[in-house]
Structure formats: structure tokens, C-alpha cells
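According to this note's numbering, the sequence shown is numbered sequentially starting from 1.
The structure appears below as C-alpha cells.
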Amino acid sequence: MQASIAVVAVLVLALSGVVSVTLASRASAATGNVIVACPKLVTVGSPGSGGCVSMDTAIAQATASAGDDTIELENGEYCPIDISPAVGHPTGSIAFVGRGMAQVEEGGGTTTVSGPTAGLSSIRWDSAFCGGSNPGYDVRVGRDDFSHLTFKNLTLDGNGSGKAFDGVEGVAHGSPFVALDDVIIQHAGIGVHWVGQDLTITRSTIQNNGTGVSIGGNAGIFNDTIYGNTDVGLTGTTFEIVANNDTISGNGYGIDAPPSASVMDLSNDLIADNQTDCEHSNDVTDFGHNVTGDSSCGTTFDDPSDQLNTGATLPAPGLNGGDTPSILPGNAARGYVVDHGASCPLLDQRGATREFPHCDVGSVQVFGSTAAVLSVSPDPHDFGPVNVGTTAHSLEQITNNSGNPVVVQNASASGVGFSAAMNSSCSDELEPGDSCNVTLSDHPTASGTQSGTLTINTDAGVRTVPLSADAVYPPPHNDAAPWIAGTAVVGSHLVGHDGGWTSSSAATITYQRKWLRCTDSGGGDGGGGGETANSVSCSAVAGATGTTYDVAPEDIGATLEFEVTAHDDNGDTTATSDPTGIVSEGSGPANDQFSHAQLITGASGTVDGSNIDATGEGDEPDNAGVSAPIASVWYAWTAPADGMYRFGLCGTTFDTTLGVYSGATVDALTSIAENDDSCSSQSQVDVDATAGQTYDISVAGNSGATGSFTLSWAKVVPVDHFSVTLPNAPAGGAFTVIATARDAAGNKITDYNEPAPTWSDLSGELSPTDPQPFVNGVSKTTGASIADPTHGDTVSVTTAAATGTSRVFNVYGPVDHFVLNPVSGVSAGNSFTVTATAQDALGSTVANYSDPTTWSDTSGELSPAAPAAFVNGVSSTSATITDPQTDDVIEVSNGSATGDTNHFRVLGALDHFAVTVPANFDVGSNVKVTAIARDSAGNKLVTYDDPSPAWLDQSGTLSPSDPHPFVNGVSKTTGASIADAYRADTITVVSGGEAGVSNPFNVHGPVDHFGVVVAPNVAAGAPFVVTATARDAGGNKVSAFNDASPNWSDLSGELSPSNPAAFVNGVSQTTTASIADPYRADTITVTSGAVAGTSKPVSVHGPIDHLTVNVLHDVTHGGTFTVTVTARDTAGNVVLGYNDTSPAWSDLSGSLSPTNPAPFVNGVSKTTTASVANAFHADAITETSGTFTSTSNKFNVT
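This is the structure:
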């Protein structure tokens, strides 16, 4: 039960001049004066019962002296608190603060307040204690001599009896700041009716009033619930309203922001489940993240973050953990209440902290703290030590602790080096109790302590986990192992290479090196680094700490290894090469060593040789990277002249490698040319030689292969590229590919021969496997084919000397569809061109397509009957369409493949104008009238121009005299106006012999008269409804008209009450009108100033007073005639409610039949079969019903 009123207010006067009124229980100790106040007293100094004073007098007395004073509200005072008269002139702030929602009970006409935090929980008014009348408000703020006034943690309750009055009324026009905080306002005509200056409403509930909040000043409405108000939830008339994170639901209209009223700034608001969400939204400014339930808000909400027309269904308000009722949409509403990234107040209506940076639309954070929904482990998450430049991975487990499914939307990590990725187990909804994992990664780039945050976004809110790691630099990293160049033969020169190393901190790396001699006492595999593995024992070779080593006789039977220790500021790392082969005495060809290369001379020639038993030397190059273990022999050749020379091993029986170098020592050679397989598995290179330059030639085998060979050399004209030609071809069909060898100038090289060229294409389906050999500079393959259609293919032909690629070509398949050119600018009856191209599935033109096709269009008027024949896959037709069309499409088909044009219009001649005018505007105001020239199909005729169109309207007062000229098919007159009020007016535009009539519209003027509506029949003394509507001269309703005290009168002079109801928004509706006595053809006239209006005649019916009997004319004896008898009241009105089943009658002739007249039904007895048997002069009929008798007029029976 809502309480009536708190009984005590404690007024605390601080030395700073700030006045704080804190409502407390009557048992509270007072430290200063005790002042008894009667809130119902408005006039200063008028004492109430018990000597109480008005609220303003109490405030004045409390501010007159220092110290804490107590203002006690008189028991039984249920009147509103009125803060209006300027008495006391407080200079600071006034606050009415309720201490919690105390338990309040009513009994015996008094109010008892109890509870551990007793305080004000309700203010209400009651006419029984206010002299029998209500001032129309619960709390009224009418003074402006304080800086702040606050109502906090209160309930203002009209208790259902005050629907016509306001909960909080503000009429101050000075500079106070008024705040409603944590307040419930209900059961009032208007919950908050504010026409003052600054007002804020926070964390409050405005419910079950007529209108929720009506603002006529600047107002901020934050975290509030506006619910169940029968008219409108939130409306404004002037100034600016800022509404943020409010829930507006269950009202007649959600918001009403009519034109030229207040500016309503909306953000993060949930406006849903009202009968209509928006009545007007002309002056709404959309700041984003708003949700509407239906489409009534139109295009007002245009921010991409809005969710519109969601069909939201919301529950009724409940406490939901707060002091004021709020609406908790629940899980079913997730799709339209979750707002990502919008700014929201820190606390929601319940006082719960929102989840930043994400929060829910509306006044309530739906799910509360995300921690109550999700648990995460570990929390916080520490990676421990992680090496800089490496990546460490770890799992974070998410568990759904709620009773509802939760969707994990995404996970991200902030902080340098951290990243996060959801595992697949998080891709579906997490049922209650289920878990899923997020993979966390840390890749530090610098040493030191790392910190970051894991953010987990779900539809239940946001969960964050602190991240940390200790980033350290590791010692040098061995990217490539050390290695040994050379052959393990006594007397050979070995070169040790350090391998690849990286310092994680970019520090300088220094190296310590040593050579190891390793022996295997048990036949195991190699080891190294001084360690023993599989019976291999290694020891450092004395004095061998450099990068080179000459194999000694004492190394025979052992293997050798090269060990490198890298050092930087972060530590040491040791790496060892693979072992050499077992050291032997060795034997081989005479030119085995680089220093013993065999000399060859001349511009061309051949030499036979062998690399059997050949070895490699330290740092000897590995021809083409495939010769190891190296078994090479060397040749030295000096170029006799500049030019290109070819060295080859073609025809040799083993897999060779060939390299040409320049340089003085084997470990300092520069590569000129290297090759593995040029002619089959043999090698061939071209060298651009300089006369007098000596070149070193290495012949070896692939992967250590050995055998006999013939080395040839000759001067050649170098091939620069191949030109490759071929035509378009059908899929699967044979075509010819011609590749021609050419030099850099494009000349054909006729002496170029290559037995084994290769080729490829982009489709991967080119056959045969290889093209034909080059003979005299040409490779011609006549049986080439590609199995499937290919778009944009090329063929590349390649040899060791050069390569060449064909132009782009298409391998087309069967016809898949037709492509038609875009069609535009078509005029009815005029020709235009339609081009159709036959294409396969990849979009290639099917060049050999020539089959017949058909076509049709949407209009059915396309001519000729069929398109032109296809030539080389293309058909081009000159076509016509007879009549205008708005959306025509041409389709070409061969039965299995089709193709359509774009949608296009066919323009015809001018047929009419489409004229649009605003539906409502005021007399004399400027409006825009738009006329568009259209053909018979409704197409806009953009080529139509007319410098002098004409127009007229029904009112005859349209100006200017002519509309704006037609330009590009449009006449747009922005300054049109109509001088007189008119209802359902239309504008007709005439141009070029055609016309167009606008939509009907209303031109609103000032009040001209009242339309008064009354039922045609009312009962004397009974209430009936009189509705008067303010209308202008055109008959339009004038909604802006208001009059608190109109007048009326009627012909009877007995109309009551003395005045009709006030005009509100153009309407006065009096539901308790009555006229005491019967009256016939009464009229009611309503006046306001010089404006009046009279109703149609109304009959005021009373009880039956008499009967009237009518026989319309003389009758013939024996014939039938009609007798009508009417029951009437004193005014002569038919008594519609009178019925009698057995009236009686008689006449002077004594021969009247039938025996009784017809029954009375709704006040009338009508007998259509009356008859008098005998002729009679001056006969008369007398009828009786109950106690009433009446005789008819005299008539003759002939």
C-alpha cells in the first residue's frame, strides 16, 4: 500500500547558507526550534489547527537563526506541498529526502510511520482535508529564490482519485534547478507537468498517470521508466529535452514531439510496446543506439546503430533490485536491448554499475554484473617468463554460471604482444554450466614486464581478465647450423662456416670456434661437441680454433666436426656442424682440385673427362645447389673474343651439374652461370664472355653422381625470348601452338634447336604434356587441346635459354547464357538497338554460335518477332516498342540458355501531371507544390519543359498566380500559399493541354465558429453529452484553441451546468449537460468571445402528458383508412418510450372496426385497417390508453 504522507520534516540550516530539508520520523531529536507546518496553508500567517503555519512561513522561521531546526508536518495534513510564495528568501538549496522505503500504515484517520529507516515514502493530497477542493497538484514549485530543489527517494501518489491533477507541477520562471531522483510518481492526471526552467529526472518511475511527463522547459531525463500512462509517456512543448537510457513502454503514445515544439534529443532509449511508439517525431534529434518496437517513428531514427520496428514485447515494471519499479526485458530481448559502444550513465535505474564500454539500451543493465554470469580461469592470467621474439600460448577457460544460455560473441586482447582467439568450442551458445576456451598468445618484442587485458564480449555483457608476462631476451639463437666445406681427404683444405645466428636484443655477437676429431669405438652414428653418443667420442684438435683446417694424416679413420659458441649480453649458445665423412688418404682425377684445373682453349671444342673418385674442397661452390656431396673436376678457359658461349654436357650418361665461375681461389669464386638439368638430366649454360677473361668451369654430378662425360663449348647467338601464337578455340578441340625463338631485337634465330622444351597454361589442362622440339628456331604443335572452358588463359613455352607467353585467349564451351547490352533512352514507337552476345559459363564469347533464338519483353509489344541471326556469337537487332512502359525487360532465349536486359522505361507523350501538396498547413503560410510531368504509364518525362504553366484551386485564393515553370519534367513552387481556410482543397495544374489534380489538403485558419453536436433526442432532467469543436472558416478543427471558461445557452433557458466544459486542444466536451423540462426543437449555442456555434434542433423528452388522434381525410363507408394516435409530453414531443398492448377506441357512428386499435409501440399506435360500416356526417374517433383519452378531428364517412 502506498502511504499518505510523512509526518516530520527536519530542516537543517548550514552556516554556508545551504538549506537542506531532510524528512525524518517524528521521534527524531531536534537540536533547535520545532516548527509545526500545515502544507495545505498557502497564505502566509493564516494559522491552521493546532497553531500550525504555512510551509513557507516554516522555512522563513527556520532560516532566521543558526542551528538545526525541525519542521513537523501536522498530523492529518494530506494536502500538497506548495513551494510558491517568496517568504524567507533562502539563498541555498532545498532537498526533500526520504530515508528508504519505510513501512507506512493508515488507521484511525492518522498516519503511523515505523521501520528502522523510517522516513518520507509518500506524499498525497486528499480533498477531505483541504477544504473540500484540490489545488490540482501533489507538489508545486512556484518560487525561484533558491538554487537547487531536490526530491529524492519519494513516492507521489494520487491514490487513483486525482486523475485530473498533476503529481509535480513546476511554474517557476527564475533560475532554480529542480531534481527528481529515485522518485515514484503515479495516479495523477500528469505525472510531471513542468513549465519552469531546468529539471532533471533520474532513476525514477513515472507510471499509471494520464500523461507521464509533459515538459515546457529544459529537462534532462536519465535512467527512468515511463510506463502505463494512458495518453502519452513523454511529450514537450518548448525548449530542449535530453532523454538518455530511458525505457518508455506500455503508454498510449511512447513519445510526442510535434512540429515547432521542444527539441527532443534521444540516445540509448528503449521505446517499445506502446499502443503507438511515436505520435509525432518531427523535432526528434537521433543520437544513436535507440530501439523502437513499431514503425510509427518513421524515418526520424536514422542512425545506423538504431534498431527499428523490432516488435518488442516488454514485461510490466518490477523492483528488480532497485527502489523504483523498472522493466527488465530478460533473455528473450537480447537482440534489441544490447548496445555496443554507446555512452551510458555509470549507474542504471537500480543503482547497478553498467558494463563499460558496453551497456544495455533502456534504464536497466539487463544482466547486472557479467561476473555473476561468466567465470574465467585463470584470473588474473600470468604467462610467466617469455622469450622476446618467441610466441607463448595458453588457454583461458570461460564457464557459464547463469541459468540461461550465453553467446560468446568475440574475444580480444589489449597490451603489446598479447592476442586472443576463440576456440571452436565457443562458437555455439554456452548452455548453463558449459565451458569453452580462448587461446591466448604472447609475442613480446622487448624485455620487461608486460600487462594487458583480455576482453570477452557476450550477449550477457563484457568480462575482462588482467594479463601479465615477464619478457626476457634469450641467448643468441642458431638459425642455421655450422657446416664444413671441403672433402675429408688428407691434404685437403676444409673451411668451417659459423652458420646463421641472431641476437634477440640486437647485441653484438662474438664467436669461439674449434675443430673436433671424432672416433667411433662401437660402430655407432656420429656425435659431437665433446659428448659421447652411440660410442662416438670427440675431442678438440689442438691449436685448431680458426675457420679453416688442413686435413692431417692423424685424422685418417676419424670424422671431423666444426663447433661454434656464440656469445652476447644475454648468454652463450653452442652449435656443432654435421660430421665429415671418414678421413681417407684419397685419389682422383688430375684436375680434381681447383688449383689443378685443366686448360681448354678456342671459340669452340669438346673435351672428354671423368669425375670418378673426384672430391670437393673447402668452400667449393655447390653447382646449382644440388651437387653435394661434391665430386667435381675443374677446367679453365679464356674467352678469345666477346660474345655468348654455350658450355654443355648434353649426351652424358649420368646426372650432371655444371658451373662457370670467376675468381682466384676456390673459396672466393663469383658465379657466372650454373645449371642442373637443361637437356634431360644433363647440364648446359650460356656465358656472356669478355675477351681475355679466364673462366673456371666445374663439372660435377647431381647429389654426388659420378661418371664419364664430354664437355662442349661454342659461341652462340643468344635466344632472348619466344613468340607464341595461337587462336581462340572450343573446349576439347585441337588447335595449333607455334613458338619461335627470337633474339633481343625480335629477329628469328634459325639455328636454335632444343629437343625438349616444356609448356604450361593457366588452366592446368593443356595437352599433350610437352610441345614439339625446336627445329631451326620453331616449335610447332598442331594437336594442342584444353579439355574444359577457360577464360583469360595463356600458354607459356620454356627452355633453359628463354621463355615466351602467348596473348590472352579464351577456350570457350557451349552456350550458357546471353549477355544483352544496357538499354536506356527508349521512346515509344522509335527504334533502338539490342545487342545479344552468346557466352559460355565463364563469360567467353562462343565464336561459332549461329543457332536461331527467340525473344520477348514484359510489354508484349516488342518488334520484330525475333532477334537478328547470330554472327560470330553476336546478334544486333533494331527493335521498337509501341506504347510507354514503366519497367520493361527483354529476354533472349534458345530454349536452354537465356539472357535479360536491364529494367528500362519506354517513354511516351505527355499524359498528365502528378501534383503533391502537404496534407495540412496554415492560411498564408508558404508551402511547396510539386508537379511532375508523366506519360500514360506514369514515367517521369525528364525532357518536358514549359515556361508558363497555369493552376487553380477550389478556394480561389491560391497564390502566386502561376506555378513555377516546368524544367526537366518538374515544376516545384516553394512559395505557394492560400489566403482563406478551406477543407479538402485541391490544386489543379494545367500545361501543354494536359492537367493534374493534387491530393486533397486542409488549409487551417483562425477560429471562425464552433461545431456543436448533441444527440437529437435527450431525456428531460437526464445528463447528456454536448461536444463543441473549434473550427476555422473552412471547417477544419483548430486544435490550438483553448478556453477555460466558455459560455452557452439554449432556447428552454433551463440548460445546466451554467457553463460548458473548457476548450482543450480545440474541443469542449460536457458530459453532464441536462435540461430540466421537456422542450421541442431546442438548440444549444456555445460562445467564446466573439465566436459562437449552435447545435441542430434537439428534442427534450418528458413523460406522457396526452394523446393526439389524427384521421387525415374523409373516408368511404366500408373502406379501410389509417388512424394514427401519438403519445406526447407537455412540449408535444413523441414519448418514444411509451408502449401499450391494449388501447381502446370508439366513434360516433358506432360502426368502427376493428374492435381495438393497434398497440402503442415507441409512442405511436398506427391502425391501417380502420373502417366505418355506415355513412356518417362529422364522425370522430376517441382512443383511450391507460388514463389518457383523446378525440380525433371531425371527418365525414360517405
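For every residue, glycine included, the Cβ atom is placed at its ideal position computed from N, Cα and C.
Item	Value
Per DSSP, what kind of secondary structure is N437 in: helix, strand or coil?	strand
Is it the case that the stretch 189-205 contacts the stretch 282-292, given that we only count it when at least three CB pairs across the two stretches are under 8 Å?	no
If N968 and V942 are in contact, beta carbons under 8 Å, what's the gap, nearest whole angstrom?	5 Å
Could you check where the beta strand (DSSP E) with I1084 kicks off and where it finishes?	1084-1088
What's the call for R517, buried or exposed, on a 16-neighbour Cβ count within 10 Å?	buried
Determine the burial state of K1249: buried for a count of at least 16 other Cβ atoms within 10 Å of its Cβ, exposed for fewer.	Since the displayed the chain opens at 1 and closes at 1198, residue 1249 lies outside it and no answer follows.
Mind checking which residues open and close the beta strand (DSSP E) that includes V967?	From DSSP, V967 is part of no beta strand (DSSP E); its letter is neither H nor E.
According to DSSP, which residues form a beta bridge with I612?	Paired residues: none, contrary to the question.
What is the DSSP secondary structure of N939, reduced to helix, strand or coil?	coil
Counting only runs that start and end within the stretch 458-522, where is the beta strand (DSSP E) found for 3 or more residues in a row?	461-472, 477-480, 483-485, 493-497, 500-502, 510-520
Comparing alpha-carbon positions, which option in P466, S521, S249, D283 lies nearest P258?	D283
Beta-carbon within less than 8 Å of G692's beta-carbon, same chain only, minus the 5 sequence neighbours each way: which residues are those?	T638, A639
Can you find the residues in the same chain that come closer than 7 Å, C-beta to C-beta, to E617, ignoring five residues on each side of it along the sequence?	G486, T487, S492, H493, Q593, F594, V666
Using only the alpha-carbon positions, how far apart do A480 and V564 sit?	12 Å
I'd like the list of long-range same chain contacts for N776, defined as Cβ closer than 8 Å, with 5 residues on each side in sequence excluded.	T750, D751, Y752, N753
I'd like to check one pair, A636 with A669: are the Cβ atoms closer than 7 Å?	Position check: residue 669 holds Leu in this sequence, whereas Ala was assumed. No; because the gap between Cβ atoms is not below 7 Å, this pair is not in contact.
Is any heavy atom of the ligand MN found at a distance shorter than 6 Å from the C-beta of N675?	Among the ligands in the structure shown, none appear at all, so the ligand MN cannot be discussed.
Between the alpha carbons of S326 and N401, how many angstroms are there, rounded?	24 Å
Can you tell me where the beta strand (DSSP E) holding S654 begins and where it ends?	Reading off the sequence, residue 654 comes out as Phe, not Ser. Unbroken run through F654: none, as it is neither H nor E.
Is Q186 near D231, with beta carbons less than 7 Å apart?	no
Out of T1108, T901, N675, D888, point me to the one whose CA is closest to T799's CA.	N675
Drop a sphere of 10 angstroms on the beta-carbon of L907, count the other beta-carbons inside from all chains shown, and report buried for 16 or more, exposed for fewer.	buried
For D1050, which beta-bridge partners are listed by DSSP?	I1084
Return the CA-CA distance between G546 and D379, expressed in angstroms with no decimal places.	54 Å
Give me, in chain order, the residues of the same chain whose beta-carbon lies closer than 6 Å to that of A66; leave out the 5 immediate sequence neighbours on both sides.	With a pLDDT of 48 at A66, under the threshold of 50, the predicted position of this residue should be treated as unreliable, and no value is reported.
If you pair each beta-carbon of the stretch 807-818 with each one of the stretch 843-850, do three or more pairs fall below 8 Å?	yes
In this structure, how does DSSP classify F594 when only helix, strand and coil are distinguished?	helix
Quick one: what's got a C-beta closer than 7 Å to Y849's C-beta in the same chain, skipping five residues either side?	V815, A838, F870, G873
If you measure between the beta carbons of A420 and L454, is that distance less than 7 Å?	yes
Would you say the stretch 1140-1158 touches the stretch 1171-1181, given that touching needs at least three Cβ pairs under 8 Å?	yes
Return helix, strand or coil for T1184, following the three-state DSSP convention.	strand
In the DSSP assignment, the beta strand (DSSP E) including F1063 goes from what residue to what residue?	It is not in any beta strand (DSSP E) - F1063 carries neither H nor E in the DSSP assignment.
Assuming I932 and V823 are in contact, meaning their beta carbons sit under 8 Å apart, how far apart are those beta carbons, in whole angstroms?	Rounded, the Cβ-Cβ distance is 23 Å, inconsistent with contact.
Specify the secondary structure class of D761 as computed by DSSP and reduced to three states.	strand
DSSP three-state label for G924, please.	coil
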